[in-house]
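Undergrad: One structure is given below, represented as structure tokens, and several questions about it will come after.
Chains as they are written, first to last, in the numbering used here: chain P, 1 to 306; chain W, 1 to 524.
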């Protein structure tokens, strides 16, 4: 019982950063912008959150600083791609490289220092439900935000007028402009939201997952988040499923490696990627639904013809 | 230019000296226009005459370089579509500004400024569409709808904003004749309510039928302001084109016995969820015959072209035969080597590479079928530049392609001139079978008549020609037999002399999105 609970707990911890980063990128891509800089924004969020926590002593101030760091990088990306109309793919890749480099520089003197772990917030009554009580209601703030963000984004995209406009811009920015919808401003906001989510994902890594700073500690999670968005065919609930599946198989294979089943460890390490791709490909095999959800103007620059 | 601060108050919309420059090009040069209330006002002009530029300025999506706009006598600056709507101007676009992935109700909700729930909009849209005879299902996804139905969404969406002036950009180019009649009824109802319509078109019969006044543009300049009913089609055409358009002569050559192109029970599944599946298509084209394939856009025209040309191969080899040879599994080059030629629909990016020169574009199409003429031997197959340039020059002269420079890039030519070159590139080979898709789409009248004449001449020399076109006038002008494609199925070809617009309209599926029972009633 204790062990099961502990394992489930590690799964949520592993899944949360992926979920946050992917949900943010989902909103960005729904607006028609492809930001490949997720990895860079995560790692910047991680280092700034850690350093700010060390300097201020407050994990919440630290996490907030991480969010701001993600936003700052996103703002740079938005200015380049939306205002200066640079190529989104190249700019995103550059953002990742920039983030990895700058984060190493900022965190140079903090490598290996013991950090402060974010406390859990126990919700009374609910947390005493057997098995899932502790898992869902005795967690850190970032976990709660990540779950809330899935349902919040889903509600926003499919139930509100602003969400409808955002999807419309992603489907056809030319038509949206012709209707008087402010394409560039909406995209700026979407990219900033994506940056905030990625920054928070980074803060989770350096304040919850492993409370310390290690260079390149994002370890490719930004790329997995990007893949999750595509394989989840831009649906928030599928991103939730995908992120948790990935987290579960990651933790599961670690335990399997420890037990030593005689399966090559390289195969086990690859398993989370394979399992997630297979499952998401299967759930998105309805081509019509996938096509309906794919933002048709994804990655295309927009210049209003005035 | 005199300056007045107030306009004529009896006019709903008045435009004085409106000018738009794109770099050096004067897309609109000092245009004057007056639209009164309860008036259907035509804006006539050829492609590229500046009609779209003018209405974009009226709708706030382009900024005028100079000139004044008066709305109900007051000088206004329209800086955004939202502001145009607030004034009371609505617009139905030619290339629809609809979102394919969204539902009809969501699409309508997006253009409403006030906050209304989507359910509320569905209800109001249903009531309004019924009132104006424009049947619509608010919960359908736009991607699943026919072009005619999409236009209805645009019109309902515009009407919901209760505008005083509605701008319609080439509305009938995507409709069956029956759907067009229905649209005219809707427009007359709109006029009877005291609203005005600015009706953009290049179809003279329509303008004479429903419009009260007409403003004519040519090369960005105003060339006429008249009552279209007092004019003749010829006089209107002269204002539009500037000279008399040479009419096409179709003497109807001898039709031989030999079948040169054949499709037997040809079926092909849809490649994407939004594409059309071809169902049991039968077609045979004999020597000297031109079969015109009519149909509303998006009913399988490009899919049919792809299987005939070999862009899309099919499993059954005898599904398509060229010159008696089964070619279903052959690629484009193999079919070309059998003497066939193909001209696909889009000029830029499909029929020609915009950034390459004309001569390069010619080699790209003919590098296999005319390898001996353009390539020298050896494993490297070096391009014989001289021969290529010479052939390119021959085509340019033959088709009267107007261009600047010796061998310019394809993108520097106007649509009509590039289209003449692309058609000429195939004709230069004297193909025994020619399949063309939308040969004169978006092409000026002069170029269109030149291309049509060339197709007729080719058939008279004994070739088999298939012309896939949305333009019924074109079909009647060139075709010896006419077939209609609707939802991926092709009707049997009937002699052009026996075909009527009404019959073609019914074969096109009558009015899309209505109960089939009512279509039956129309048929009898």
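Beta carbons are placed, not taken as given, at the ideal position from N, Cα and C, and that holds for glycine.
Name the DSSP beta bridge partners of residue 82 of chain P, please?
TA: As a working mapping, residue 82 of chain P is identified with position 82 in the first chain. Residue 82 of chain P pairs with nothing; no bridge assigned.
Undergrad: Output needed in chain order: residues of the segment 171-186 of chain P with a Cβ under 9 Å from some Cβ in chain W.
TA: Result list: 171, 172, 174, 175, 176, 177, 178, 179, 180 and 181.
Undergrad: For a test of the three-state rule: what should DSSP assign to residue 145 of chain W, helix, strand or coil?
TA: Counting from 1 along the second chain, the entry for residue 145 of chain W is found at position 145. In this structure, residue 145 of chain W counts as coil in the three-state DSSP scheme.
Undergrad: For a test of the three-state rule: what should DSSP assign to residue 515 of chain W, helix, strand or coil?
TA: Mapped onto the second chain, residue 515 of chain W falls at position 515. Low confidence applies here, because residue 515 of chain W scores a pLDDT of 49, under 50, leaving its location unreliable and the question unanswered by this model.
Undergrad: At a cut-off of 7 Å, is residue 141 of chain P close to the ligand NAP when judged by its beta-carbon and the heavy atoms of the ligand?
TA: Among the components modelled here there is no ligand, and therefore nothing to report on the ligand NAP.
Undergrad: Taking the runs of the beta strand (DSSP E) that are 3 residues or longer, which of them lie wholly in the segment 290-330 of chain W?
TA: Runs of the beta strand (DSSP E) inside the segment 290-330 of chain W: 290-294 and 320-322.
Undergrad: Output, in chain order, the set of chain P residues within a Cβ distance shorter than 8 Å of residue 175 of chain W.
TA: As a position in the second chain, residue 175 of chain W is number 175, starting the count at 1. By Cβ distance, chain P contributes nothing, its closest Cβ being about 20 Å from residue 175 of chain W, past 8 Å.
Undergrad: Would you list the one or two residues that DSSP bridges to residue 213 of chain P?
TA: Position 213 of the first chain, counted from the start, is the residue given in the question as residue 213 of chain P. Paired residue(s): P/111.
Undergrad: Going by DSSP, what residues sit across from residue 531 of chain W in a beta bridge?
TA: With chain W covering only 1 through 524, there is no way to say anything about residue 531 of chain W.
Undergrad: Would you say residue 165 of chain P lies against chain W (beta-carbon separation less than 8 Å)?
TA: Taking the first chain and counting its residues from 1, one reaches residue 165 of chain P at position 165. Answer yes: the Cβ-Cβ gap between residue 165 of chain P and chain W drops below 8 Å somewhere.
Undergrad: Just to make sure I have the definition right: I need the residues of chain W whose C-beta is within less than 7 Å of the C-beta of residue 168 of chain P. Which are they?
TA: Mapped onto the first chain, residue 168 of chain P falls at position 168. Simply 99, 102 and 110.
Undergrad: For residue 211 of chain W, which of helix, strand or coil comes out of DSSP?
TA: Position 211 of the second chain, counting from 1, holds the residue named residue 211 of chain W. DSSP places residue 211 of chain W in coil when its eight states are reduced to three.
Undergrad: Can residue 213 of chain P and residue 110 of chain P be called in contact, C-beta distance under 8 Å?
TA: For the purposes of this step, residue 213 of chain P is taken as residue 213 along the first chain, with counting starting at 1. For the purposes of this step, residue 110 of chain P is taken as residue 110 along the first chain, with counting starting at 1. A contact, by the Cβ cut-off of 8 Å.
Undergrad: What in chain P is Cβ-close to residue 106 of chain W, meaning under 7 Å?
TA: Locating residue 106 of chain W in the second chain gives position 106, where the first residue counts as 1. What residue 106 of chain W touches in chain P: 164.
Undergrad: What residues in its chain sit with their C-beta under 8 Å from that of residue 46 of chain W, if we drop five residues either side in the sequence?
TA: For the purposes of this step, residue 46 of chain W is taken as the residue at position 46 of the second chain. Excluding residues within five positions, the ones whose Cβ falls inside 8 Å are 202, 218, 240, 241, 444 and 445.
Undergrad: Using the Cβ count rule (16 or more neighbours within 10 Å means buried), how would you classify residue 130 of chain P?
TA: As a working mapping, residue 130 of chain P is identified with position 130 in the first chain. Exposed is the call here.
Undergrad: Does the CB of residue 296 of chain P have a neighbour CB from chain W at under 8 Å?
TA: Looking up residue 296 of chain P in the first chain gives position 296. Yes, contact with chain W.
Undergrad: What are the boundary residues of the alpha helix (DSSP H) that residue 4 of chain P is part of?
TA: Counted from its first residue, the first chain places residue 4 of chain P at position 4. Element bounds for residue 4 of chain P: 2-30.
Undergrad: If contact means a Cβ-Cβ distance below 9 Å, which residues of the segment 125-144 of chain W contact chain P?
TA: So the close ones are 141 and 143.
Undergrad: By the 8 Å beta-carbon criterion, what residues does the segment 353-372 of chain W contribute toward chain P?
TA: Within the segment 353-372 of chain W, no residue has a Cβ that lies closer than 8 Å to any Cβ of chain P.
Undergrad: Output needed for residue 23 of chain P: all residues of its chain with C-beta closer than 7 Å, excluding positions within five of it in sequence on either side, in chain order.
TA: The residue labelled residue 23 of chain P in the question sits at position 23 within the first chain. Here the set comprises 149, 150, 153, 197, 236 and 239.
Undergrad: For residue 91 of chain W, report the span of its alpha helix (DSSP H) as first-last.
TA: Sequence index remark: in the second chain, residue 91 of chain W carries index 91 (1-based). No alpha helix (DSSP H) contains residue 91 of chain W, which is instead part of the beta strand (DSSP E) from 89-92.
Undergrad: Could you check whether the Cβ of residue 349 of chain W sits closer than 8 Å to any Cβ belonging to chain A?
TA: The structure shown contains no chain A; its protein chains are P and W.
Undergrad: Kindly indicate if chain W contains any beta-carbon less than 8 Å away from that of residue 189 of chain P.
TA: If you number the first chain from 1, residue 189 of chain P lands on position 189. No, because no Cβ of chain W sits closer than 8 Å to the Cβ of residue 189 of chain P.
Undergrad: Answer with yes or no whether the minimum CB distance from residue 81 of chain W to chain P is below 8 Å.
TA: Taking the first residue of the second chain as position 1, residue 81 of chain W is located at position 81. Answer yes: the Cβ-Cβ gap between residue 81 of chain W and chain P drops below 8 Å somewhere.
Undergrad: Would you say residue 118 of chain P faces chain W, with C-beta separation under 8 Å as the test?
TA: On the first chain, position 118 is the one that residue 118 of chain P refers to. Output row for residue 118 of chain P: interface = no.
Undergrad: Count the other CB atoms, across all protein chains shown, that sit within 10 Å of the CB of residue 151 of chain W; report buried if there are 16 or more and exposed otherwise.
TA: Looking up residue 151 of chain W in the second chain gives position 151. So residue 151 of chain W ends up on the buried side.
Undergrad: Hey, could you find the ends of the alpha helix (DSSP H) residue 359 of chain W is sitting in?
TA: Along the second chain, read from residue 1 onward, the residue named residue 359 of chain W stands at position 359. Taken as a continuous stretch (DSSP letters only), the alpha helix (DSSP H) holding residue 359 of chain W covers 358-366.
Undergrad: Cutting at 7 Å between CB atoms, please list the residues of its own chain near residue 311 of chain W, excluding the five before and the five after it.
TA: Here the question's residue 311 of chain W lines up with position 311 in the second chain. Once the five neighbours on either side are set aside, the close Cβ partners of residue 311 of chain W are 332.
Undergrad: On the criterion of 16 or more Cβ atoms from any shown chain inside 10 Å, does residue 1 of chain W qualify as buried, or is it exposed?
TA: Position 1 of the second chain, counted from the start, is the residue given in the question as residue 1 of chain W. Caution applies to residue 1 of chain W, whose pLDDT of 41 falls short of 50 and renders its modelled position unreliable; the value that the coordinates give is listed next. By the neighbour-count rule (16 or more Cβ atoms within 10 Å), residue 1 of chain W is not buried but exposed.
Undergrad: Taking beta-carbon pairs under 7 Å, can you tell me which members of the segment 258-292 of chain P lie near chain W?
TA: Answer in chain order: 287, 288, 291 and 292.
Undergrad: If you compare alpha carbons, which of W/268, W/432 and W/131 is closest to residue 487 of chain W?
TA: Looking up residue 487 of chain W in the second chain gives position 487. Of W/268, W/432 and W/131, the residue nearest in Cα terms is W/268.
Undergrad: Short of 8 Å Cβ to Cβ, which residues in the segment 145-157 of chain W face chain P?
TA: Those residues of the segment 145-157 of chain W that come within reach of chain P (Cβ to Cβ, closer than 8 Å) do not exist; the list is empty.
Undergrad: Between which two residues does the beta strand (DSSP E) carrying residue 51 of chain W extend?
TA: Along the second chain, read from residue 1 onward, the residue named residue 51 of chain W stands at position 51. Note, residue 51 of chain W: premise wrong, no beta strand (DSSP E); alpha helix (DSSP H) at 51-58.
Undergrad: Just grab the DSSP bridge partners of residue 495 of chain W for me.
TA: As a working mapping, residue 495 of chain W is identified with position 495 in the second chain. In DSSP, residue 495 of chain W forms a bridge with W/481.
Undergrad: In terms of alpha-carbon separation, which member of P/168, P/296 and P/191 lies closest to residue 70 of chain P?
TA: To locate residue 70 of chain P, count along the first chain from 1; it is residue 70. The shortest Cα separation from residue 70 of chain P among P/168, P/296 and P/191 belongs to P/191.
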